[in-house]
Amino acid sequence: MLKGISPLIGTVLLVAFTIAVAGIISAWIIPYTRRQTALVGEEAETQTYCSWGSIRLYDLTYCSSTSTLSGKIENNGNVLLGKIKVSVILTNGTILSYPLCEVDSSVVNCQTANLSLSSSDIAIFNVKSSSNIDFVRVTTNCTNVNDDLDSSYISLTCS
Numbered sequence: 023m024l025k026g027i028s029p030l031i032g033t034v035l036l037v038a039f040t041i042a043v044a045g046i047i048s049a050w051i052i053p054y055t056r057r058q059t060a061l062v063g064e065e066a067e068t069q070t071y072c073s074w075g076s077i078r079l080y081d082l083t084y085c086s087s088t089s090t091l092s093g094k095i096e097n098n099g100n101v102l103l104g105k106i107k108v109s110v111i112l113t114n115g116t117i118l119s120y121p122l123c124e125v126d127s128s129v130v131n132c133q134t135a136n137l138s139l140s141s142s143d144i145a146i147f148n149v150k151s152s153s154n155i156d157f158v159r160v161t162t163n164c165t166n167v168n169d170d171l172d173s174s175y176i177s178l179t180c181s
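Quick note on this note's numbering: the sequence shown kicks off at 23 and runs consecutively.
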């Protein structure tokens, strides 16, 4: 006749095994939950900050003799906006992307956008482009703060 372990020892082993598994899971889930909570908090803070942002693109002019597009960007919101970028979308779907930087009080195209505009600030930009422009978009570090103008808002004169 085979003998097993007593019910008391079996219960103790089952409880010990359950506690060990719970300890291993909690060692993983507690730091994971803290990281996720921090990420959600940071994103909520950014979205709240950006909800006060607004940007306007205007006075677009295309000069065919120099193949340049110029225009003005105004921060008409209540917060500082950064990483400002102009994208020119052509009628064939090509996207020309121009990160903007401030160098010696002038706005220029650069590798990584560092242009920031405080509330009511205006920046004037000039970028190279072909003439078959579908629309122009300005974007910022706030994903929901951007502005688009289609080609009907672009004047075709050179100054």
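Where a beta carbon is used, it is the ideal one built from N, C-alpha and C, also for glycine.
Quantities reported herein were computed from a predicted structural model and do not represent experimental measurements.
If distances are taken between C-alpha atoms only, which option among the options comes closest to residue i?
i	options	result
Val125	Thr116, Ala135, Cys85, Ser119	Ala135
Leu103	Thr113, Val130, Cys72	Cys72
Ser174	Tyr80, Ala42, Lys105, Ser89	Tyr80
Cys132	Leu122, Trp74, Thr55, Leu139	Leu122
Val167	Glu96, Leu91, Ile146	Glu96
Asn98	Thr162, Ile41, Glu67, Thr179	Thr162
Asp170	Cys85, Lys107, Ser127	Lys107
Ile207	Gly45, Leu61, Asp172	The displayed coordinates of the chain run from 23 to 181. Any statement about residue 207 would go beyond what the structure contains.
Lys105	Ala49, Arg57, Ser138	Ser138
Output yes or no for whether 7 Å exceeds the beta carbon distance between residue i and residue j.
i	j	result
Tyr120	Val149	yes
Ser177	Thr83	yes
Ile77	Val130	no
Ser141	Leu91	no
Ile146	Lys94	yes
Cys164	Cys85	no
Val101	Trp74	yes
Ile117	Ser109	yes
For a test of the three-state rule: what should DSSP assign to residue i, helix, strand or coil?
i	result
Ser153	coil
Ser173	helix
Leu102	coil
Leu178	coil
Val160	strand
Asn166	coil
From what residue to what residue does the beta strand (DSSP E) around residue i run?
i	result
Ser109	107-112
Completely contained alpha helix (DSSP H) runs for the region 23-96, where each covers 4 or more residues: Listed in chain order, they are 29-72.
Unbroken beta strand (DSSP E) runs of length 3 or more, entirely within the region 116-140: which are they? List check, beta strand (DSSP E) in window: 117-125, 128-131.
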